[in-house]
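Residue numbers (the numbering used here): 3 to 331.
Each remark here refers to the structure printed beneath this line.
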Ligand SMILES: C[S@@+](CC[C@H](N)C(=O)[O-])C[C@H]1O[C@@H](n2cnc3c(N)ncnc32)[C@H](O)[C@@H]1O
């Protein structure tokens, strides 16, 4: 199906790569508007960094008529919604024109509870139009952010971000987070339908993760383990690892040495990942992750890499690694 996706401005590249990782073949990218072909449209309901998924009905210019026959697509009562993404024409005038074309009969409009919703994304000299498939409720992720969970710690990843990392892993099957902390990745992956497993070196993080998972109705298994013992403690393999290790800012981790922690993590993760498995891992940008990767003689291939500012002088890198020679698509 041809879809129209409105992504959020959360990161300059990650929302687009997340869409690709869920199987969208992008044909056009115009600012935050993406047009692409996808086979399994339901999968897109798992996206973390997008706002809308629409069935694409085409695009048209300021002086052009609707590119589709509304009669064909309206089921029951309908509503039209407009998003101004930097429209260069006269917005109100064009809106009136569109509504006139759409509204053969005012009885069929229901703005509060429509059966069919058309979205008009007005961008530059173009208007992209689509029929609503999925709208991401902005409060959904807010309800799971740090401070709202029964067990919260400042180290927590944002739920949307966690969801995006999970999607970037091309996640399927069994997912492990070996630095699970408060369980943000486990909760998001569980809600997206994966089998989740976590471990952490701290007792309170292990029990806190379990509390949070129960609270959000996610089943999974969490064990106490230092990452250095990962293969011993699990004694099995996983399809994907998605994880956010410490960044070496706390005295505890500094004493071990942040680079050593990443070296042993990579070795252990490699051994518990299935062939063709993926790992998405965060790290501080000044650590030299790729150098560590080379030094450890790792079989991991860097499939994708992103940078983002966290706060102050802390910049995070996110790596998508593949235990394969095959390129990530
Ligand atoms: C950045 S936090 C992870 C936060 C988590 N993603 C969340 O959203 O809550 C890093 C976690 O690694 C754990 N940790 C530190 N050193 C470890 C080690 N050697 N092995 C396993 N876990 C460790 C800490 O207890 C902490 O919970």
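Where a beta carbon is used, it is the ideal one built from N, C-alpha and C, also for glycine.
Treat the numbers as computed from the prediction; the structure is a model and nothing was measured.
{"Check": "Given this structure, state the Cα-to-Cα distance separating residue 203 from residue 282, to the nearest angstrom.", "Outcome": "20 Å"}
{"Check": "Just the C-alpha distance for residue 319 and residue 50, rounded to the nearest angstrom, thanks.", "Outcome": "18 Å"}
{"Check": "Would you list the one or two residues that DSSP bridges to residue 4?", "Outcome": "39"}
{"Check": "Considering just the uninterrupted stretch of the alpha helix (DSSP H) at residue 166, what are its terminal residues?", "Outcome": "161-170"}
{"Check": "Would residue 334 and residue 8 be called neighbours here (beta carbons separated by less than 8 Å)?", "Outcome": "Outside the displayed range of the chain (3 to 331) lies residue 334, so it cannot be described from this structure."}
{"Check": "Counting pairs of beta carbons, one from the stretch 5-21 and one from the stretch 36-46, are three or more of them closer than 8 Å?", "Outcome": "yes"}
{"Check": "In whole angstroms, what is the alpha-carbon distance linking residue 298 and residue 265?", "Outcome": "7 Å"}
{"Check": "Mind checking who residue 63 pairs with in its DSSP beta bridge?", "Outcome": "128"}
{"Check": "Apart from the five residues on each side of it in sequence, which residues of its chain come closer than 6 Å, Cβ to Cβ, to residue 53?", "Outcome": "8, 10 and 138"}
{"Check": "On the premise that residue 65 lies in contact with residue 125, defined as a C-beta separation below 8 Å, what is that separation, rounded to the nearest angstrom?", "Outcome": "Contact doesn't hold; Cβ gap of about 16 Å is too wide."}
{"Check": "State the Cα-Cα distance for the pair residue 197 and residue 158, rounded to the nearest angstrom.", "Outcome": "21 Å"}
{"Check": "Leaving aside the five residues before and after residue 284 along the sequence, list all residues of the same chain whose C-beta is less than 6 Å from its C-beta, in chain order.", "Outcome": "246, 318 and 320"}
{"Check": "Strictly closer than 5 Å from CB to any heavy atom of ligand 1: give me those residues in the order they appear in the chain.", "Outcome": "157, 158, 159, 181, 183, 184, 186, 202, 203, 204, 207, 228, 229, 246 and 248"}
{"Check": "Assuming contact is defined by CB atoms lying nearer than 8 Å, are residue 69 and residue 62 in contact in what I supplied?", "Outcome": "yes"}
{"Check": "Could you compute how far the alpha carbon of residue 129 sits from the alpha carbon of residue 292?", "Outcome": "43 Å"}
{"Check": "Chain D beta carbons: is any one of them nearer than 8 Å to that of residue 239?", "Outcome": "The structure shown contains no chain D, having only a single protein chain."}
{"Check": "Return the chain-ordered list of same chain residues with a C-beta closer than 6 Å to the C-beta of residue 22, the five sequence neighbours on each side being excluded.", "Outcome": "none"}
{"Check": "Mind reading off the beta-carbon distance from residue 160 to residue 75? Whole number of angstroms is fine, and I expect it under 8 Å.", "Outcome": "Between residue 75 and residue 160 the Cβ distance is about 36 Å, and since that is not below 8 Å, they are no contact."}
{"Check": "Residue range of the alpha helix (DSSP H) that residue 288 falls in?", "Outcome": "First-last for residue 288: undefined, no H or E at that position."}
{"Check": "Would residue 308 and residue 272 be called neighbours here (beta carbons separated by less than 8 Å)?", "Outcome": "no"}
{"Check": "Please report the residue range of the beta strand (DSSP E) in which residue 311 lies.", "Outcome": "303-313"}
{"Check": "Does the distance from the CB of residue 295 to the CB of residue 268 come in under 8 Å?", "Outcome": "yes"}
{"Check": "Can you tell me which residues form a DSSP beta bridge with residue 319?", "Outcome": "285 and 309"}
{"Check": "Look at the Cβ atom of residue 177, then the Cβ atom of residue 191, and state whether they are nearer than 8 Å.", "Outcome": "yes"}
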